[in-house]
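Counting from 8, one number per residue, gives the positions in the sequence shown under the working numbering.
Reading through the structure tokens given below for one structure.
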Amino acid sequence: MSVVALVPAAGRGERLGYGMAKALVPVNGVPLLVRAVRGLLDAGCVQHVVVAAPPSDVDTMCTVTASLASAGGAVHVLAGGAERTDSVRLALEYALREIPDTRIVLVHDAARAFTPGEVVRRVVEAVEAGRPAVIPVLPMADTVKQVDAGGVVVATPDRSALRIVQTPQGFTADVLLRAHASGVRATDDAGLVERLGVAVTTVAGHPNAMKITTPFDLAVAEALLTGGTT
Ligand code: CTP
Ligand code: MG
8 MSVVALVPAA GRGERLGYGM AKALVPVNGV PLLVRAVRGL LDAGCVQHVV VAAPPSDVDT
68 MCTVTASLAS AGGAVHVLAG GAERTDSVRL ALEYALREIP DTRIVLVHDA ARAFTPGEVV
128 RRVVEAVEAG RPAVIPVLPM ADTVKQVDAG GVVVATPDRS ALRIVQTPQG FTADVLLRAH
188 ASGVRATDDA GLVERLGVAV TTVAGHPNAM KITTPFDLAV AEALLTGGTT
């Protein structure tokens, strides 16, 4: 029975502004995708990684990840879709078709390239312990306001009840399949599972599992590496 990690990496990285797929952008010479896939395999509890690549970058992403496969872990690359949800659904369909013993499925953004192995293990252990859907989270440091279309504040949610959501998110394969069968698009897979009425539980995330979205985030990642904390 396998733990399979789906890695949506088919985004264009427009906010980062490198004019290339964000997953191929190097940090200290190593592409984000390589760091993300290596981190999953090094966690020691993932047997297969399925990468959803931009259609024009499938060959490149095959090449850069080829050396990461080992006796303990295989890497597969396929063409992703127009939106993140489409990329995840295509990778899930591939996994269920080609990896017959798929039991637990993680979904992990290539852009969260510095996620520590402890977060991956916490998520897998919670699904193995019987939770159908598990997400890593952090407490909110900032106060959050809800505003209307004109930017006027309409509510101040209680910060103590809010969490920042990270990946990998972990699911039993059947729950993730049912969630994606709805055809709804979402920025986060757990959001689709919530719509099914299935409980989503939380485990502790980690600041290093931040998503690299902007040049500022990339500079933070480079500083983390220079500081020797990843
Ligand atoms: N992603 C994907 N398929 C898409 C769009 C996004 O697999 N059609 C992936 C990205 O590659 C990334 C993750 O989903 O790993 C989170 O998306 P985001 O941070 O928005 O990345 P990009 O879409 O690449 O960035 P931008 O929105 O700035 O273009
Ligand atoms: Mg995007």
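All residues carry an ideal CB built from backbone N, CA and C; glycine is no exception.
Only a predicted model underlies this, so the values are computations on that prediction, with no experimental measurement involved.
- Counting along the chain, SER9 sits inside the beta strand (DSSP E) bounded by residues 9-15.
- Judged by their CB atoms, ILE219 and LEU48 are not nearer to each other than the 9 Å cut-off.
- Distances from the CA of ALA136 to each of PHE178, TYR101, PRO146 were compared; the closest alpha carbon is that of PHE178.
- With a contact defined as Cβ atoms closer than 8 Å, ALA30 and ALA117 qualify at about 4 Å.
- Take THR209, set aside five residues on each side of it, and the residues of its chain with a beta-carbon closer than 7 Å to its own are ILE142, VAL144, ARG170, in chain order.
- Placement of the Cβ of GLY20 at a distance of less than 8 Å from at least one heavy atom of ligand 1 is found.
- Boundaries of the beta strand (DSSP E) harbouring PRO143: 140-146, taken from the DSSP string.
- When secondary structure is reduced to three states using DSSP, PRO38 falls in the strand class.
- Taking a cut-off of 8 Å for Cβ pairs, the region 146-162 and the region 51-63 do not touch, as fewer than three such pairs fall below it.
- Annotation: HIS83 to GLU105 spans about 10 Å, alpha carbon to alpha carbon.
- Apart from the 5 residues on each side of it in sequence, ALA81 sits with its Cβ closer than 6 Å to the Cβ of HIS55 in its chain, given in chain order.
- With respect to the 9 Å criterion, LEU13 and VAL127 are not classified as neighbours on the basis of their beta carbons.
- In this structure, ALA186 lies away from ARG166, with their beta-carbon atoms at least 9 Å apart.
- Taking a contact as a CB-CB distance under 8 Å, the pair VAL41 and THR72 counts as one, their CB atoms being some 6 Å apart.
- Between PRO146 and ALA216, the C-beta spacing is not below 9 Å.
- Taking 8 Å as the upper bound for CB-CB distance, ALA211 and ARG129 are in contact here, some 7 Å apart.
- Counting the other Cβ atoms within 10 Å of the Cβ of ARG138 gives 16 or more, which makes it buried.
- In this chain, the alpha helix (DSSP H) harbouring GLY198 covers 196-202.
- Nearest in C-alpha terms to ALA43, of all of GLY204, LEU75, THR194, is LEU75.
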